Amino acid sequence: MAAIGGIQQAVAIAPYFSEAYLYLGQLFQQTKDFEQAIAAYLEVLGIQPDYLAAYAQLA
């Protein structure tokens, strides 16, 4: 999926952009790559521990 590549480029450029990791997790979830999705959501929480949307996606 081209969108995944684009978001991965975004996080490579701006590694502290938590929303990009959230979108990346959602894209991985849509492609049923759940391990990568969980890793992306955990990156969000590593950057911004109070980001409730990331917790919701992990639930």
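Note that the numbering used here numbers the sequence shown so that position 11 is 29, with each residue one more than the last. Idealized CB from N, CA, C, for every residue including glycine. All of these numbers come straight from a predicted model, not from anything done at the bench.
| query | So, I31 versus L42, is the Cβ gap smaller than 7 Å? | reply | Translated into positions along the sequence shown, residue 31 becomes position 13. Translated into positions along the sequence shown, residue 42 becomes position 24. Not closer than 7 Å, so no.
| Under the three-state DSSP convention, the category Q75 falls into | The sequence position of residue 75 within the sequence shown is 57, counting from 1. Helix.
| Q66 by DSSP, collapsed to three states: which one? | Counting from 1 along the sequence shown, the entry for residue 66 is found at position 48. Here Q66 sits in coil by DSSP.
| request: Please classify Y81: does DSSP put it in a helix, a strand, or coil? | output: For residue 81 there is no data in the structure shown, the boundaries of the chain being 19 and 77.
| task | Please determine, among A74, A21 and Y73, the residue with the shortest C-alpha to C-alpha distance to F14. | result | What the structure shows of the chain is the stretch from 19 to 77, and residue 14 is not part of that stretch, so it cannot be assessed.
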